[in-house]
Every structure is written in structure tokens, then in C-alpha cells.
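Down below is the structure, laid out as C-alpha cells.
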Amino acid sequence: MSNNFVRGLCLAALLCAQSLAGSASAAPRDAAPLRLDAPIPIGPQVKVGKLANGLTYYIQRNARPERKLELRLVVKAGSILEDEDQRGLAHFVEHMAFNGSTNFRKHELVSYLQTIGVGYGADLNAYTSFDETVYILPIPTDKQEHVAKAFQVLEDWAHGLRFDPEDIDKERGIVLEELRLGKGASDRMGKQIMPAIFNGSRYAERLPIGTEDVLRNFKPEALTRFYRDWYRPDLMAVVVVGDIDPARAEKLVKAHFAHLKNPKPARPRPYAEIPARQATEALVVTDQEATGNAVLIRYPVQPVVEAGTIRAYRDDLVQAMFSAMLNQRLGELSQLPEPPFMGASSSLGKLTPRYRSYNASAALGPRGAEAALTALVEENERARRHGFSAAELERVKKSLMRDYEQAWNERAKSDSGTYAAEYIRNFLQQEAIPGIDTEYRYVKQLVPGITLDELNAYARRTIPLESGKLVLYTGVTRPETPQGAQLLAAVAAAQRAELRPHDEKAVAARLMERPPTPGRIVAESHDKALGLTHLVLSNGVKVILKPTDFRNDQVMMSAARFGGQSLFSDQDILNARFANAIVASMGVKDFSPLDMRKILAGKAAQVNVGLANYTDVVVGASGATDIETMLQLTWLKFHGVRRDEDLFRSYVGKQAEQARNQTAQPGARFGDAVMAALYNNHPRAPRTLKAEEYEQIDLDRSIDIFRQRFSSARDLTFILVGSFDTAAIKPLLAAYLGSLPTPELTVAFRDVGLRPATGVVKREVRSGSEPKSTISLTFTGQAEFTEAEQLRLSALLEVVNLRIIDVLREKMALIYGGGASGVLSKIPYGNYSIGVTLPTGPEHVDKVIAATFAEIKKLQLEGPEAADLEKVKSNWIQNHRRSLRENGYWLGHLQTALSEGTDPGAILQVEKQVQALSAEDIRIAARRYFNEQNYVQVVLNPEKAQAVETVAVSSAKTAVPGG
1 MSNNFVRGLC LAALLCAQSL AGSASAAPRD AAPLRLDAPI PIGPQVKVGK
51 LANGLTYYIQ RNARPERKLE LRLVVKAGSI LEDEDQRGLA HFVEHMAFNG
101 STNFRKHELV SYLQTIGVGY GADLNAYTSF DETVYILPIP TDKQEHVAKA
151 FQVLEDWAHG LRFDPEDIDK ERGIVLEELR LGKGASDRMG KQIMPAIFNG
201 SRYAERLPIG TEDVLRNFKP EALTRFYRDW YRPDLMAVVV VGDIDPARAE
251 KLVKAHFAHL KNPKPARPRP YAEIPARQAT EALVVTDQEA TGNAVLIRYP
301 VQPVVEAGTI RAYRDDLVQA MFSAMLNQRL GELSQLPEPP FMGASSSLGK
351 LTPRYRSYNA SAALGPRGAE AALTALVEEN ERARRHGFSA AELERVKKSL
401 MRDYEQAWNE RAKSDSGTYA AEYIRNFLQQ EAIPGIDTEY RYVKQLVPGI
451 TLDELNAYAR RTIPLESGKL VLYTGVTRPE TPQGAQLLAA VAAAQRAELR
501 PHDEKAVAAR LMERPPTPGR IVAESHDKAL GLTHLVLSNG VKVILKPTDF
551 RNDQVMMSAA RFGGQSLFSD QDILNARFAN AIVASMGVKD FSPLDMRKIL
601 AGKAAQVNVG LANYTDVVVG ASGATDIETM LQLTWLKFHG VRRDEDLFRS
651 YVGKQAEQAR NQTAQPGARF GDAVMAALYN NHPRAPRTLK AEEYEQIDLD
701 RSIDIFRQRF SSARDLTFIL VGSFDTAAIK PLLAAYLGSL PTPELTVAFR
751 DVGLRPATGV VKREVRSGSE PKSTISLTFT GQAEFTEAEQ LRLSALLEVV
801 NLRIIDVLRE KMALIYGGGA SGVLSKIPYG NYSIGVTLPT GPEHVDKVIA
851 ATFAEIKKLQ LEGPEAADLE KVKSNWIQNH RRSLRENGYW LGHLQTALSE
901 GTDPGAILQV EKQVQALSAE DIRIAARRYF NEQNYVQVVL NPEKAQAVET
951 VAVSSAKTAV PGG
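137 is the number that the working numbering gives to position 137 of the sequence shown; each next residue is one higher, with no gaps.
Here you go:
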């Protein structure tokens, strides 16, 4: 596990939420004091080698998931290397990798991999970025021939692609549909923003998707030239991680890649520079269809230097701690009654692999850009001038240490894909990969010695004072859109403001001063087949325990009972629907959300409770040693609500602002139109609220609704799955769950009469300026729920998705992506719903609809092809075997069995049930669930005659040296 991976994990956890870490049973021993100038070694867990032709390889044996191997081909070549007639062709080459090669005919590769359980898109995939192209191939290791063939696939990708002119022309349509799919406000605004972000660098002109002109008109020679120039061993790495003998893996790498040749002469691999910014500028970019308003301050770029020493590792720890503390303060500002922004962050981050910059950004709320910029700059200045407090440093150290502790605890349970991603970063960005044993030892020795003075000095050094910068505003076109000069004035004024040190409020040291009077365990039984322990507590609450060894540091919990929003009237639906979020936004019992973050620093527990449509739900998670904290949080949720009018107004204001920003989005209009057509504008149907509707939410009524359902734990069964000892956890369950209040309350759902439209309903929505359409087909009806029938419906949908990709994409080139999903339910009545979503061009709508119904009709008459059904079965069995080692899979299955009244033991029969599926089962299901006399069709088409305005305004200030 690379140090940068763990640091990234830690930083994300510190900025966003408490991690789900636990403690180790035995940590690695501290060694001799570290020499800071010593290089960071490559860890013993991975073999890194280089062939004579320059190809690098990484090999690691890893047992999770079992019988699975993660393979990657990494090419240090992306869109930045394209010639002018190749814009978009780095990405096009990636597409052609699935269209035939030396050893695989067109479609043969994807088809073969699907037959052994490798899903196209979900498993088999690839991506192209500015500086790299990466091919992803997970492979089952049940049979040696699968592994051997997989290495042949990698080799073909590396130097054996066939660029058949006919296949190229067919793939043009697919890539052009991908280009079309990306069109919209973000694309239009991006074309204005990118030149400023990259300050005129080549990066701004080399977006991976390319240009429509080149994609339509390029000659095959341009494509093969890119492949010949840049797909070469000295720019490649092969990553092999998983259930394989390393010696065998190394032999396969050498056998398939040692004979590859570099071209002579080889084109030098250039790296684009980002020019120095000579002045402070403001840029305002707006669009009528933008998704929201935001500001960004990008400070001078600076080269990234990967020193590879322990000192550099320590510097990065300091950087992570600084960012976490500063962003905690920004989070506090977002909780104010009238916050200056909805959310904000400041950090030093990479712009490209070779450049980084300090950035401050915010999502804007009702107070607008100037208030947000003022708060952003002032909070950065406050940290620069006055530093942080000892209490802030203590909290961030606790959280950082816990994150590394979790990573170390899970060192034998980490997925192969995680390791593969680390080695990709090592190859592309030279990130160190010492292994988690070494990293944890580093952190245990380094973190205690990082002082407050050092952090404060880092803040003074890192937060720019006077420098050239870009101040960027992006948002929805409105009359009140600020001008560039206003943005610059706000930044300049904030930099000069008189600022007092941060006010650090003392909070309680723990959630509860003393545990509650405990209940008792009054009954216990066991299910040996499933490894379950059933408990009944003295207050009537039930518990199901499943201890596992799937993870060393993860416990997951859930509980559900019937009730939920269904018990409240249509007039109360807004109060009921938002009760969960409103109560959560105000804190827990006596503690505000900010208090909770401080109290839980270094803890690994979280609990959420709320009203779903027909159920009351409790979900939680913790590390192995923080189960008591998770149970305390649960107890507190049932013992009162913290009422805070200011935080309520803050929450409602943010939601209303988001709603205002969504009103012109084609996707939001389309989604609302689908729901309106499907449910005849029923008040319970999901839809996007208007901004003014949020004013109808009543704080006290929402609290009352929440307390009606969560002042009693009657008829709740808590399910806990994960790394715990049953005997050790029982006293905690008795103390916290056994003492929950259980007064009488209604435990049943109410059928609110929400029913889909019948017959054939067709609607058209006109929204958006780009030439893009989306088709929605929804099939609904009554159906009896059984597990067997649910399996048949799911198999049908998997087959349909295979046909959609094979026919509509690969054969007809009418779509880039799309597919079907569905559900069979018994609540509130036996019913099914299937949704098919297909993005395409306006000129293709009728053809796409006709082709989709033709495939459905074919399934109804002939059933699926045997090969397609076998692909579905193989993929399901592979996924099921992997999922049987996941706590979340077991928790979800046990909760569903409890709620639906099905047999929990069915989880052990899945493979048998899947293998028993027949083509006739699928044919019957297609006839049953795709009723061509009962469906809703909604088509989104662009507005006929409205151009969407994009506005860009820039202003320069005093010229300043700097990047």
C-alpha cells in the first residue's frame, strides 16, 4: 500500500467524515529512529522489475478477492501527445482495443471474457487521460488457461491492435455519441475555463474526447501513427496483483512482453509546461443550464518534486494535517445561520502530475460570490497570521493515526484493485510504495513529533500572500451575476482585513458521561448453518449477530421496521420526507454537528436514522474497537432531538439554493417529466422541489414526526455483521440497545395509493440547446413477489443489457451507453417496475426505440441466445462468490430477508438457483414483464430555437511575478 494512497485516504476522511477505522491487536514494532534524508524503499510486498526494452512491471500476490487476478496495462501516453490531426485519437485507440487484435477478432475478446464472468464496463474497462491510457482487466484464476489468455490480451493491447478501416468507421459513431453525451453546460463552460486554468498551456487544447471535426474526418493513418509512436515498451507498465504465484506471473510478463521493440527512431516523449501567470485575473463564466454557482481561487502553480525521502513523506503528513484543520474551520462557517457558502475547501493539490497549486473553492449559497470569497480569503489569512490551536492539532493527529491504523489492520484484507491503483500511480507519478507495515511505522514515529509551531510555520509558508492568481466564478446566468472587478475587489479587501484568532470552543470529551442502566438478554438461539446468533433483550428489542473475518476492522449495523413516511398524510409529506435530514443537520441530543466532529475525532463510528417511504431505518458502521461509540450514537438518537432554529434555516436555505440552480437543467426537467407521466402527478411521487416549496417545511412538525417514529425502538431487530467477538459484544448490546425506550407505536405501513399509469403513455420534453436526446421507457404492473421470480427478472434485465450494448451500440452505433434496470417488490403491493434509459441523438430517437422493442420482441418469441444466458450466469456466480466475503452483502441479505419474510438461508443456494435458470425462464419473464400495451415513454429533445448564452468576462490586476 503506497504512502500516497494512505495519505490520500486519510486526507479525504479528515476533510469529509470520520473514518470507519479500528485498532490493531498488535502493531508493528517501532524500529530505530528514522533518518529523514533516507530514501523510501520499495516494500517487500511487491516485485518491481524492468525488461531490457524498458517495460516496467509490478507483481504482488494478494488473496482478496480469492481466485481473482487484477491486470493492468499502463501506457504513459494520453491526449497531450496528439498531433493536430489526432485530437481525440488517444481515446479512439483505447476504443479500438476492443475491436480486434492479432489474436482476437472483433467482439471475440469481450464475448470470451463475458463467458468467464468478466463484465464489460463493470469489470473490463479502460480510460484515457491527458498523460496516460490505462487498460483494466480483472480475471478469474480458476483455470490456468484463463490467466494465460489474459496475458495474451495485454500483449495484443500493447502492440497487436488491428485498425480495420470498416471497424474504425463504425467506432466513429460510438465515439461521436460519447462526445454528444458530454455536451451541455459543463462542456460549454469548460471551453472558456480551461485556457485560464491552464494559463494557455497545451493541456487546454488537448481534452481527451477530442474535437468533432477530427473524429468525423481523421484518416486511419493518423490513428495508427499515434499507436505506433506512443504504444511502446519504454512507456509501458504491466501490473499484476492477485491470486497468482509471483514467479509464474513474472514468467508470463517476460514471455509476452520481452520481445516488444521500441520504434527507431523513437519520438521524444515531451511533457507540457504550464506558463507562469503574470497577473491576477478574474474570469466569470455563466450558462443558463449550469448546475450551480461556485468560486475558485487558483494560486501560483509550482513544479511537483517527488523527493522519495522520509523527510518528504513527513512533509506530506504535515500538509494533510494542515489541510484537515483548515477545512474543518471552513466547515464550521458552512454551519452558520446565514453561511457565506454551502461548502468550501482549501488545499495544495495537483493540477497535473508535474504541477500543483494552492486552491481555495466554495459552492455558493444565497449570499453569493462576494460573501464566499471574503470568507474564504479571511479564513486562509486567519490561519496564516494566527495559526491553529493545540486542540485542533490533537484532534487531527487522532484522526490521522486512526486512518493509518485501519489501513494496517486491513493489510491482509485489502482488495487487489486497490494495490493495482497504487502501482499505477508509482509508475506515472513516482509515488513511493513502501508497504503499509513501513508506513505505519513511519507514522507512529513521525506524527507525535510534528509540533504546533511547525504547523503554523507551514501555514505561513504555504498560504499565498501576494501573488498572481486566477479568481474564477462559474454559475447560472442571472441578472445579479458579479463582474470580474467585484471579485477582485472582494479578494483584495479580505486580504487587508483585521482578523482575530480563531475562537476554539471547548466541548465535552465524550458522548455520554455514564452508560445507561442496562437491560438484559432474555433469550438466545443460534443458526449454525449461517453462523448467526439471535438475541432477545428485556425491552423486546431483538438482535442478530454474524461475526466474520472478512475484514479486521469493520462492523456494520442495520435495523428496519414498517412505518416510515407512509403513516403521514399527503399534506405532511414534505415535513416527513425531510425530517431525517433536518434533525441530522441540527446535531445529536445536546451536541451541534461541529461539537460531534470534535468529540468523535479519532473515533470510527457513525449512525443514521430516518423515515423511508414505508419503513423506519437505522444504519450504522464502526471500527472493531468503536462498537460502543456506535451503540451510544444509536441510544442518543432515540433520546431526544436537538432543536436549532439557526441550523434549520441554514439547511433550508442551502436546499432552496440548489433547487433554484436546477430549474433550467434539462436532466432535472426530464426526470420530473418522467415521474409526472408515470404517476399522474401524485403528491407522493419523487420530484425536484421548487425553491419556494422549502419554505413550507415546518421545523417543529418535522421534529414531531421524527420523534413519533424514533422515541420508541419497539419491533426493531438490529443486525450486526463484522469483526467482533459475540461474547464481548453482548454486555454492550444489553446496555445500549436493551435500554432503548419501547413504548407502543404503530408498526405497519400504509398503502398511500401511489400507482403507475396504465396503458401506453407517451410524452415529449423540450429542454436544452445541445443536439442530444434521452429516451425513457418504463414498464410496470402487478406481480407476485418470490425470490425465484426476482432472480428471473434480474436475469432478464442482464440479458437485455447485453443485447442493448451488442446491437444498439456495437452493431448500429446509435448509442454510447444506456441500459435497463428493475425491481420486483411486495411493498406496498406485489409489483414490478422496469426502466430503460437510452441517451442518443435526436435524429436517432425513432431508430433506437424501434431497435429496443425489436430486441424485446425477439426475447419474447425466441428467448435469449444460449451464450448470452451463460455470460449472465458466469458473471453472477463470480460476483456472488466474491460478495460472500463482504460484510455489506450479508447485512443487506439478512435485512431483506427479515423485511420481506424470505428465507435467509437462500444466500447459500444462489449458485444452484443461478445454474438452474433456463432460456425458457427468460422468455416467459420477457413476456410477463415487457407488456407493450402498458408502458410510459418519455423522450427528451432539445429546444427547437433557443441558444444558450455563455458569458465570459475577465479582468487583469497588477502584474505579479509567479506561476
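We put the CB at the ideal spot given by N, CA and C, even for glycine.
Residue i to residue j, Cα distance in whole Å?
i: Pro-666; j: Tyr-112; result: 39 Å
i: Ile-40; j: Arg-441; result: 12 Å
i: Glu-865; j: Ala-734; result: 55 Å
i: Leu-326; j: Asn-680; result: 48 Å
i: Ala-21; j: Ala-266; result: The pLDDT assigned to Ala-21 is 32, lower than 50, so where the model puts this residue is not dependable; a value taken from the coordinates is nonetheless given after this. About 49 Å.
i: Gln-144; j: Val-641; result: 59 Å
i: Trp-890; j: His-534; result: 15 Å
i: Asn-941; j: Tyr-935; result: 19 Å
i: Glu-498; j: Arg-384; result: 13 Å
i: Lys-690; j: Gln-662; result: 9 Å
i: Lys-603; j: Leu-631; result: 13 Å
i: Ala-344; j: Glu-394; result: 23 Å
i: Ser-767; j: Phe-670; result: 8 Å
i: Trp-876; j: Phe-853; result: 26 Å
i: Gly-519; j: Lys-730; result: 11 Å
Exposed or buried, what is residue i when buried is set at 16 or more other beta-carbons lying within 10 Å of its beta-carbon?
i: Tyr-651; result: buried
i: Lys-397; result: buried
i: Pro-434; result: buried
i: Arg-460; result: exposed
i: Lys-944; result: exposed
i: Lys-251; result: exposed
i: Arg-882; result: buried
i: Ser-702; result: buried
What are the residues that DSSP puts in a beta bridge with residue i?
i: Thr-224; result: None, per the DSSP bridge assignment.
i: Asp-616; result: Arg-561, Leu-611
i: Asn-125; result: Ile-136
i: Gly-819; result: Thr-837
i: Lys-47; result: Ile-59
i: Arg-298; result: Asn-359, Leu-470
i: Gly-781; result: Tyr-832
i: Asn-327; result: Per DSSP, none; premise fails for Asn-327.
i: Val-588; result: Phe-591
i: Leu-73; result: Tyr-135, Val-238
i: Tyr-120; result: Leu-124
i: Ile-521; result: Leu-537
Less than 8 Å between the beta carbons of residue i and residue j, yes or no?
i: Phe-578; j: Phe-638; result: no
i: Glu-810; j: His-107; result: yes
i: Gly-78; j: Thr-133; result: yes
i: Leu-720; j: Met-512; result: no
i: Ala-713; j: Leu-732; result: no
i: Pro-208; j: Phe-322; result: no
i: His-91; j: Thr-115; result: no
i: Ala-624; j: Phe-724; result: yes
i: Phe-163; j: Met-96; result: yes
i: Leu-567; j: Arg-687; result: no
Between the Cα of residue i and the Cα atoms of the options, which residue gives the shortest distance?
i: Arg-496; options: Val-522, Ala-783, Glu-379; result: Glu-379
i: Asp-234; options: Lys-261, Glu-250, Thr-211; result: Lys-261
i: Thr-517; options: Asp-646, Trp-635, Ala-375; result: Trp-635
i: Gly-468; options: Phe-648, Ala-276, Val-619, Leu-400; result: Ala-276
i: Val-618; options: Gly-563, Ala-664, Gly-671, Ala-656; result: Gly-563
i: Ile-521; options: Ala-727, Ile-582, Asn-580; result: Ala-727
i: Gln-335; options: Ile-775, Ile-834, Arg-649, Gly-781; result: Arg-649
i: Ser-346; options: Val-765, Pro-464, Leu-89, Gln-445; result: Pro-464
i: Gly-722; options: Ile-705, Asp-646, Ser-769, Asp-626; result: Asp-626
i: Ile-197; options: Gly-841, Tyr-473, Leu-894, Phe-930; result: Tyr-473
i: Glu-177; options: Val-845, Gln-878, Ala-906; result: Val-845
Is residue i near the ligand COA, with its Cβ less than 7 Å from a heavy atom?
i: Ala-508; result: The model depicted lacks the ligand COA and carries no ligand whatsoever.
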